[in-house]
Amino acid sequence: MTDGTIIDHRDGVAVYGNYIGGAWIAAASGETTENRNPSNPDELIGHFASSGAEDVAAAVGAAENAFAGWAGTSAIARANILYHASEILASRIPEVGRELAREEGKTLKEGIGETTRAVAILRYFAGEVQQPIGEQYSSMNPSTLLFTLREPLGVCGIITPWNFPIAIPAWKIVPALAFGNTVVFKPASLTPLCAVYLTQALAEAGLPPGVLNLVTGSGQAVGDPLVADDRVVAVSFTGSDVVGNEMKKIAGGRGAKVQLELGGKNPAIVLADADLDHAVTQVINGAMMSSGQKCTATSRAIVDRRVASELADRLGASISALKVGDPLRDSTQIGPLISAEAADRVVGEIDTARQAGVALAAGGGRPEGLNGHFVNPTLFIDVKSDSRLGQEELFGPVLAVIPVDDVDEAISVANSVRFGLSASLFTRDIARALSFIQKIQAGIVHVNSETAGAEPHVPFGGYKGSSSYSREQGKASREFYTQVKTVYFDPPPSSGS
Ligand code: NAP
Numbered sequence: 004m005t006d007g008t009i010i011d012h013r014d015g016v017a018v019y020g021n022y023i024g025g026a027w028i029a030a031a032s033g034e035t036t037e038n039r040n041p042s043n044p045d046e047l048i049g050h051f052a053s054s055g056a057e058d059v060a061a062a063v064g065a066a067e068n069a070f071a072g073w074a075g076t077s078a079i080a081r082a083n084i085l086y087h088a089s090e091i092l093a094s095r096i097p098e099v100g101r102e103l104a105r106e107e108g109k110t111l112k113e114g115i116g117e118t119t120r121a122v123a124i125l126r127y128f129a130g131e132v133q134q135p136i137g138e139q140y141s142s143m144n145p146s147t148l149l150f151t152l153r154e155p156l157g158v159c160g161i162i163t164p165w166n167f168p169i170a171i172p173a174w175k176i177v178p179a180l181a182f183g184n185t186v187v188f189k190p191a192s193l194t195p196l197c198a199v200y201l202t203q204a205l206a207e208a209g210l211p212p213g214v215l216n217l218v219t220g221s222g223q224a225v226g227d228p229l230v231a232d233d234r235v236v237a238v239s240f241t242g243s244d245v246v247g248n249e250m251k252k253i254a255g256g257r258g259a260k261v262q263l264e265l266g267g268k269n270p271a272i273v274l275a276d277a278d279l280d281h282a283v284t285q286v287i288n289g290a291m292m293s294s295g296q297k298c299t300a301t302s303r304a305i306v307d308r309r310v311a312s313e314l315a316d317r318l319g320a321s322i323s324a325l326k327v328g329d330p331l332r333d334s335t336q337i338g339p340l341i342s343a344e345a346a347d348r349v350v351g352e353i354d355t356a357r358q359a360g361v362a363l364a365a366g367g368g369r370p371e372g373l374n375g376h377f378v379n380p381t382l383f384i385d386v387k388s389d390s391r392l393g394q395e396e397l398f399g400p401v402l403a404v405i406p407v408d409d410v411d412e413a414i415s416v417a418n419s420v421r422f423g424l425s426a427s428l429f430t431r432d433i434a435r436a437l438s439f440i441q442k443i444q445a446g447i448v449h450v451n452s453e454t455a456g457a458e459p460h461v462p463f464g465g466y467k468g469s470s471s472y473s474r475e476q477g478k479a480s481r482e483f484y485t486q487v488k489t490v491y492f493d494p495p496p497s498s499g500s
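When you read off a place in the sequence shown, starting at 1, and then add 3, the result is the number in my numbering.
Structure follows, in structure tokens:
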């Protein structure tokens, strides 16, 4: 970290501030929270502002004051700043990717990949905001020029999870800013350093003071007052369904525009005619990368009974061979979970399933000799669809194989959960693939590829309990971050006289 983001040092460890009104400052209380490396909790990454309602009020005030000026800036000027931010962040990809891996626990390759994606998002919206945005219509009156404009909403509250600590903030904040809104950003408490990096790149690129404000701190101390503030006209949230649905009541109840991106229980259906080598690789990538901590992670392999045993054997052998360890080491494939609580919870779920008699085919428990929050990549077979393993999002490296008789039962099982984010089908049969695309209840559908992964220029979001019907990224972003003004433009009656 290179500049004023660090406001102090304590025993040689950096103290980071909030970014409010264009300045990096301590929380009003002066308090900080420690951020530690999940691979090695003895390693302190930094101290971060432990903020509260007073800091939120200051940030919202700064965003409110900056709104008219920023909304009045030309889209081209906003695009130039976003593009400049992409260049700044691009120049720091090795540093930010490494710090992301150290802070969040995904592998270095994944950390660099995610940072590269944040750069792509900045570049995309620098271009997108220069595209045509309004529409022109015919009017019943031939002399009327009838058209729509899209205008920004005002101050947007952005609340993000820890599992994609730079890409998710980018795909919310960047379109919000691109379309002329101002932002108060509350990142996850477990990954504030990535939030500082993203904010720093945008600030250095020339955002006017108050346009983007970063307030670090807990969900209750920072998130609650942000969601409840009447000056915040829109809230975009990604995280758990429990928190998101509560937030919707508060923000939606006071009339704010609300967007929720929540959990998943994503299926990969493998039919008997699938290329099993390809299916094994893709299912494992979808289930185990980032230690299964992706909203789009595969947590159910729904497999035609005729190949279930062979597939389970192959999955088990490959999962047992995955290398678990320090994410910064090149050979590592699976890093730690985000926290001790998360690892305890996932190990508890594994133990509960074993005690209930579910067959364990690989993994279970924690690897020996590692100090961090590691959990072994785990495979259960012959899982019942209506069991906990078949229904609940575990958010860890755990895959459940559910055998089925045919494609119709597979789709029915796939649709039997309350979520509907992402789904995959592995087959060579085009007719079955088309039927799957039509019948599956999911916002993101893959044929012959893993459930995880999202490109920045296409809509992202889920069906049912995974989302609130709105979509993020690509052109879908402007639906959330703008409102429509319809203009009837008639010449004055005396015109031309
Ligand atoms: P979380 O516990 O719901 O937290 C998400 C964010 O909400 C964090 O910034 C958290 O702050 C904040 N928060 C917590 N309580 C709050 C409150 N009362 N008011 C306002 N904000 C509050 O979720 P998580 O554990 O970080 O993330 C994992 C979940 O996110 C999984 O369910 C996953 O599927 C989902 N997810 C969904 C998507 C998607 O696009 N659909 C993408 C990624 C993740 P603290 O960090 O301080 O608690």
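For glycine and all other residues, C-beta sits at the position ideal for the given N, C-alpha and C.
Check whether residue i and residue j have beta carbons under 8 Å apart
i	j	result
G108	S294	yes
S425	A445	yes
V177	I136	no
S54	V225	yes
L340	V378	yes
P195	V306	no
R309	A275	yes
A82	V122	no
T299	A61	no
N184	Y484	yes
H460	Y127	yes
A365	S302	no
S470	L331	no
Q106	I48	Before going further, note that residue 106 is Glu rather than Gln in the sequence given. Taking 8 Å as the Cβ cut-off, E106 and I48 qualify as a contacting pair.
L279	L382	no
I443	I414	yes
A320	I384	no
V416	S388	yes
L152	V490	yes
G160	V199	no
F70	K268	no
Residue i to residue j span [Cα, whole Å]
i	j	result
A412	M292	Here the sequence assigns Glu to residue 412, which means Ala is not the residue at that position. Going by the C-alpha atoms only, they are around 28 Å apart.
L111	I337	10 Å
Q285	Q139	45 Å
A65	T8	18 Å
S500	M143	Note that S500 scores 48 on pLDDT, short of 50, meaning its location in the model is unreliable; the coordinates nonetheless yield the value given after this. So the alpha carbons of these two residues sit roughly 24 Å apart.
S243	S141	45 Å
G351	E34	33 Å
R474	F182	16 Å
Y472	G75	30 Å
E313	P380	19 Å
V487	F150	10 Å
A93	A457	19 Å
N374	A343	11 Å
D408	K189	47 Å
A311	D11	57 Å
E37	R13	11 Å
Minimum C-alpha distance to residue i - residue among the options
i	options	result
L217	E46, I443, F51	F51
D58	S32, G7, T119	S32
V273	P459, R81, V410	V410
S239	A224, V349, G116, V158	V158
L215	S141, E371, L85, L148	L85
P212	A198, G24, I405	G24
I171	A300, T241, L148	T241
A104	F128, S77, R81, F167	F167
R101	R126, G130, T118, L279	T118
A78	D333, G130, G116	G130
L265	I433, M250, H376, A277	M250
Q333	A93, P190, I115, G49	The question names Gln, yet the displayed sequence has Asp at residue 333. The shortest Cα separation from D333 among A93, P190, I115, G49 belongs to I115.
G220	L318, Y491, A191	A191
A179	S497, S480, V490, Y491	S480
P496	S146, V283, K268, E67	S146
P462	V448, V18, A88, D11	V448
H3	F429, C197, L363, D347	Because the chain here runs from 4 to 500, residue 3 falls outside it and cannot be looked at.
Q134	K175, D347, K478	K478
How about the segment 247–257 and the segment 389–407: do they share at least three Cβ pairs that are nearer than 8 Å? no
Just list the beta strand (DSSP E) runs in the segment 113–169, keeping only unbroken ones of 3 residues or longer that don't cross its boundaries, in chain order. 148–155, 158–162
Is there contact here, the segment 233–250 with the segment 204–211, by at least three beta-carbon pairs under 8 Å? no
In chain order, which continuous runs of the alpha helix (DSSP H) of length 4 or greater are located wholly inside the segment 419–494? 433–442, 480–484
Of all the alpha helix (DSSP H) runs that stay within the bounds of the segment 248–277, which reach a length of 4 or more residues? none
Of all the beta strand (DSSP E) runs that stay within the bounds of the segment 320–390, which reach a length of 3 or more residues? 362–365, 381–384
What are the start and end residues of each continuous beta strand (DSSP E) run of 3 or more residues lying completely inside the segment 183–247, in chain order? 185–189, 215–217, 235–241
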